[in-house]
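Everything below concerns the one structure shown next.
Residue numbers (the working numbering): 120 to 240.
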């Protein structure tokens with residue numbers, strides 16, 4: 120008997136697949152926009168996540184940096200902004216969205232199947 124409770128593995132799997140698909144769609148969208156813009160400029164250039172974020176809302180990017188450096192960094196690894204977050208913001212946005220999107224989608228497929236299949240003893 121399968122239940123439709125929120126804790127059912129198939130439901131969790133579907134949610135993860137939907138989130139993963141959303142990330143993958145954003146990755147594809149940023150890639151297409153970058154390719155179109157690159158075609159107009161004459162050279163392929165994939166814009167970094169930080170560049171996209173700055174173009175969309177620079178104040179929230181600055182606020183995020185302040186929050187991390189002031190309230191999170193003192194309680195975690197020193198230099199988390201410059202050694203972890205900043206490099207991610209410098210990667211192409213398509214990669215930043217595609218990698219977690221693919222991982223979430225694949226994890227959702229595994230959850231929907233009920234996890235790792237049992238081994239023969």
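Just so it is clear, CB atoms sit at the ideal spot from N, CA and C, and this is done for glycine as well.
- In the DSSP annotation of this structure, the continuous segment of the alpha helix (DSSP H) that includes residue 206 starts and ends at 205–209.
- Bounds of the alpha helix (DSSP H) holding residue 183 are 168–186.
- When the Cα atoms are used, residue 164 and residue 134 turn out to be separated by approximately 33 Å.
- Shown here for residue 173: same chain residues with a beta carbon closer than 6 Å to its own, the five before and five after excluded, namely 180 in chain order.
- Only exposed fits residue 195, as fewer than 16 other CB atoms lie within 10 angstroms of its CB.
- For the pair residue 158 and residue 197, the Cα-to-Cα distance works out to about 41 Å.
- A distance below 6 Å between beta-carbons, with the five flanking residues on each side excluded, links residue 131 to the following residues of its chain, in chain order: 230.
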